[in-house]
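Q: Before I ask anything, here is the structure I am working with.
Chains as they are written, first to last, in the working numbering: chain A, 130 to 346; chain B, 114 to 205.
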């Protein structure tokens, strides 16, 4: 097995395993910083248009399916909570438990995507997909369309990140069970956890901006 | 690096779900101009809990804080500079 030879070796540029671990973690945070700016541009666009088209954004937001969004937020928060226990299991070298917890995390990620898919389908049927067939009962349909353009863009890019996470976490579950890749080497699981929590944080901000703009009137 | 206990993780998870309930409840109440502010403050609280406990920032070295903070800092520059224009176009 090729992994057996590569269990947590310290690459020659590092003093010891701790330094190697810190370098890897730091690299992940650098990647996440680029992701913050990537999503940040879309949040900036959203904010500018929401200020300009506040009436249309309030109307359009009421057309989103708040129950789907709320359930999905809970699904992601719970999956993140399970992920931290997976990282804990990796640190304790409990491979069976690690695989199980990773599988649970990935499954909840898949549940999120299924719910989002059902939501998307219903919205397409209602004519809420921007384009020639866009239709909405709002004072200014053009402004409302801008909300839904941002909605599809931001949730779409986020869902892509969830999809990547589900695939990676599922793959890691298999590696935990069938290889000894994580034997005394939990850094990859730790970094994957950081990615998954970041995706969760993005959704935590998306949720109120999309579903809860104006629910009280 | 000190390791948070399972208890802390569970409490964080419960706190996150409670805040989710809170933000939904707040959205259905008429708080006038404070609705968006409350929603964003709760989102910030949730994001901070995830970063501090789930992502271990609270237990990490200052170096990680610098790199995690850098992303937020540059995001802040982008938002503040761009919005200082968009939000002050009084002639619109």
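The C-beta atom is built at its ideal place from N, Cα and C for all residues, glycine as well.
Would the beta-carbon of residue 109 (chain A) fall within 8 Å of that of residue 230 (chain A)?
A: Missing from the structure shown is residue 109 (chain A); chain A here goes from 130 to 346 and no further.
Q: Alpha carbons only, please: which of B:191, B:184, B:159 is nearest the one belonging to residue 127 (chain B)?
A: Within the second chain, residue 127 (chain B) is the residue found at index 14, counting from 1. Ranking B:191, B:184, B:159 by Cα distance to residue 127 (chain B) puts B:159 first.
Q: Name the chain B residues that come within less than 8 Å of residue 323 (chain A), Cβ to Cβ?
A: Counting from 1 along the first chain, the entry for residue 323 (chain A) is found at position 194. Result: 168.
Q: Kindly list, in the order they appear in chain A, the residues whose Cβ is closer than 9 Å to that of residue 206 (chain B).
A: Any question about residue 206 (chain B) goes unanswered here, given that chain B covers just 114 to 205.
Q: Any contact between the segment 313-333 of chain A and the segment 141-155 of chain A? By contact I mean 3 or more CB pairs, one from each, below 8 Å.
A: Counting C-beta pairs with one atom in each stretch, the segment 313-333 of chain A and the segment 141-155 of chain A have three or more that are closer than 8 Å, which means they touch.
Q: Between residue 183 (chain B) and residue 254 (chain A), what straight-line distance do the alpha-carbon atoms span, to the nearest angstrom?
A: As a working note, residue 183 (chain B) is residue 70 in the second chain. As a working note, residue 254 (chain A) is residue 125 in the first chain. Cα to Cα, residue 183 (chain B) sits roughly 42 Å from residue 254 (chain A).
Q: If you draw a straight line from the C-alpha of residue 270 (chain A) to the C-alpha of residue 185 (chain A), how long is it?
A: Looking up residue 270 (chain A) in the first chain gives position 141. Looking up residue 185 (chain A) in the first chain gives position 56. Roughly 8 Å between the two C-alpha positions.
Q: In angstroms with no decimal places, state the Cα-to-Cα distance between residue 334 (chain A) and residue 224 (chain A).
A: As a first step, residue 334 (chain A) is located in the first chain; it is residue number 205 there, counting from the start. As a first step, residue 224 (chain A) is located in the first chain; it is residue number 95 there, counting from the start. C-alpha of residue 334 (chain A) to C-alpha of residue 224 (chain A): approximately 34 Å in a straight line.
Q: Interface residues of chain B around residue 159 (chain A) at Cβ under 7 Å?
A: Against the first chain, residue 159 (chain A) aligns to sequence position 30. Within 7 Å Cβ-Cβ: 180.
Q: Taking only the alpha-carbon atoms, compute the straight-line gap between residue 202 (chain A) and residue 139 (chain A) and give it to the nearest angstrom.
A: Translated into the one-based positions of the first chain, residue 202 (chain A) becomes position 73. Translated into the one-based positions of the first chain, residue 139 (chain A) becomes position 10. Answer to the nearest angstrom: the Cα atoms are 39 Å apart.
Q: What are the start and end residues of the alpha helix (DSSP H) that includes residue 209 (chain A)?
A: In the first chain, residue 209 (chain A) corresponds to position 80, counting from 1. First-last of the alpha helix (DSSP H) with residue 209 (chain A): 195-220.
Q: I'd like the list of long-range same chain contacts for residue 251 (chain A), defined as Cβ closer than 6 Å, with 5 residues on each side in sequence excluded.
A: On the first chain, residue 251 (chain A) is found 122 positions in, with the first residue counted as 1. Closer than 6 Å at the Cβ level, and outside the excluded window around residue 251 (chain A), lies no residue.
Q: Below 8 Å on the Cβ atoms is my guess for residue 222 (chain A) versus residue 312 (chain A); work out the distance and round it to an integer in Å.
A: Residue mapping note: residue 222 (chain A) aligns to position 93 of the first chain, counting from 1. Residue mapping note: residue 312 (chain A) aligns to position 183 of the first chain, counting from 1. That pair is a contact at about 7 Å.
Q: Taking only three categories from DSSP, how would you classify residue 223 (chain A)?
A: Here residue 223 (chain A) refers to the residue found at position 94 when the first chain is read from its first residue. Looking at residue 223 (chain A) - three-state DSSP - the assignment turns out to be coil, as it is neither helix nor strand.
Q: To the nearest angstrom, report how far apart residue 201 (chain B) and residue 188 (chain A) are at their CA atoms.
A: Walking along the second chain from the start, residue 201 (chain B) turns up at place 88. Walking along the first chain from the start, residue 188 (chain A) turns up at place 59. Residue 201 (chain B) and residue 188 (chain A): Cα-Cα distance of roughly 24 Å.
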